[in-house]
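Data block below; observations after.
2 protein chains.
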Amino acid sequence: MIKARVTVTLKNGVLDPQGKAIEHALTGLGFDGVGQVRQGKVFDLELEGADKAKAEADLKAMCDKLLANTVIENYAVEIA
Amino acid sequence: MIKARVTVTLKNGVLDPQGKAIEHALTGLGFDGVGQVRQGKVFDLELEGADKAKAEADLKAMCDKLLANTVIENYAVEIA
Numbered sequence: 001m002i003k004a005r006v007t008v009t010l011k012n013g014v015l016d017p018q019g020k021a022i023e024h025a026l027t028g029l030g031f032d033g034v035g036q037v038r039q040g041k042v043f044d045l046e047l048e049g050a051d052k053a054k055a056e057a058d059l060k061a062m063c064d065k066l067l068a069n070t071v072i073e074n075y076a077v078e079i080a
Numbered sequence: 101m102i103k104a105r106v107t108v109t110l111k112n113g114v115l116d117p118q119g120k121a122i123e124h125a126l127t128g129l130g131f132d133g134v135g136q137v138r139q140g141k142v143f144d145l146e147l148e149g150a151d152k153a154k155a156e157a158d159l160k161a162m163c164d165k166l167l168a169n170t171v172i173e174n175y176a177v178e179i180a
């Protein structure tokens with residue numbers, strides 16, 4: 001079994017109102033010096049088999065088809 | 101300026117209906133051998149200053165107070 005982590009983040013320049021809200025909330029809680037905050041998603045997946053190259057290709061296809069919106073998001077695949 | 105990434109994931113044993121839905125969707129799209137899928141959140145933060153120890157302490161406090169629900173979630177702090 002292969003364990004993988006996929007991280008999906010917004011591309012630079014794409015507005016992130018959720019991140020902005022967190023930024024303001026942190027400042028409001030008294031944390032000084034908080035700059036830009038951006039929120040993304042992480043997926044932890046388990047895949048059957050032991051072929052890491054196939055797993056990586058599959059994971060990239062999963063990102064393109066379902067996990068990420070490649071118009072506005074980047075993704076990174078990490079295999080443990 | 102310090103760049104940091106905070107990853108928040110559900111603790112083991114906590115039900116993740118969103119992850120389950122993704123699991124079914126991936127299987128429905130024709131991806132074989134997809135086991136458990138769990139979804140989490142990732143925050144990319146910029147902090148002023150250069151004191152990494154202080155930044156790490158601040159980030160842990162931010163997680164405890166705002167970014168994570170420590171009853172059901174774990175967090176990991178990574179400083180770039």
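Just so you know, the protein sequences line up as chains A and B, in that order. According to our numbering, the residues represented by the first sequence are 1 to 80, in order. According to our numbering, the residues represented by the second sequence are 101 to 180, in order. All residues carry an ideal CB built from backbone N, CA and C; glycine is no exception.
For residue 178 of chain B, the secondary structure class from DSSP, reduced to helix, strand or coil, is strand.
In terms of beta-carbon proximity, residue 156 of chain B stays away from the interface with chain A, with every pair separated by 7 angstroms or more.
With a threshold of 7 angstroms between beta carbons, residue 36 of chain A makes contact with chain B. At a cut-off of 7 angstroms, the C-beta of residue 110 of chain B has no neighbouring C-beta in chain A. About 5 angstroms separates the beta carbons of residue 179 of chain B and residue 152 of chain B, which is inside the 8 angstroms limit, making them a contact pair. If you check the CB distance, residue 35 of chain A and residue 142 of chain B do not come in under 7 angstroms.
Nearest C-alpha to residue 167 of chain B among A:22, A:66, A:1: A:22. DSSP links residue 137 of chain B through a beta bridge to A:45.
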